[in-house]
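Read the structure below first, then the notes.
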Amino acid sequence: MTLILEEPELLQLKEEDGRAKGKRHKVGNRAFCQICGKSFNQFYLYNHIRTHTGEKRFSCKICGKGFIQSYQYTVHMRTHTGERPFSCHICGKRFVQKNNLQKKTHS
């Protein structure tokens with residue numbers, strides 16, 4: 001991985017375990033991004049740091065679009081395949097993402 005950072009003192013990345021690691025302040029079990037101030041648990045901070053670096057570990061072989069997390073890639077691939085694995089048990093309508101099914105309401 002090659003990163004070019006305009007302000008390298010704001011972010012320090014290591015690849016020892018394959019994850020991006022950012023400079024952070026920790027309060028309790030929360031870690032704060034030093035670039036934008038948002039707080040996350042440690043795992044999500046690693047992924048959040050990638051939004052600042054532009055690192056996208058997962059790329060679509062069909063259209064070239066890149067993604068930070070594997071689930072984003074999986075959901076995106078369904079746009080190419082047409083797969084809708086989640087269906088409403090009441091009306092049968094199908095959805096690409098489980099959370100869209102959970103938002104569905106019937107009156």
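Here the sequence shown stands for residues 1 to 107, numbered as in UniProt numbering.
In this text, a Cβ means the ideal position worked out from N, Cα and C, and glycines have one as well.
Inset, instruction - Give me the Cβ distance between residue 97 and residue 86, rounded to the nearest whole Å; I'm assuming they're in contact under 8 Å. - result: 7 Å
Legend entry - Candidates 34, 59, 91: closest to residue 48 by CA position: 34
Legend entry - beta strand (DSSP E) runs wholly inside the UniProt domain "C2H2-type" (58-85), at least 3 long, in chain order: none
Inset, instruction - Return the CA-CA distance between residue 88 and residue 72, expressed in angstroms with no decimal places. - result: 22 Å
Inset, instruction - Whole angstroms is fine: what's the gap from residue 58's alpha carbon to residue 66's? - result: 6 Å
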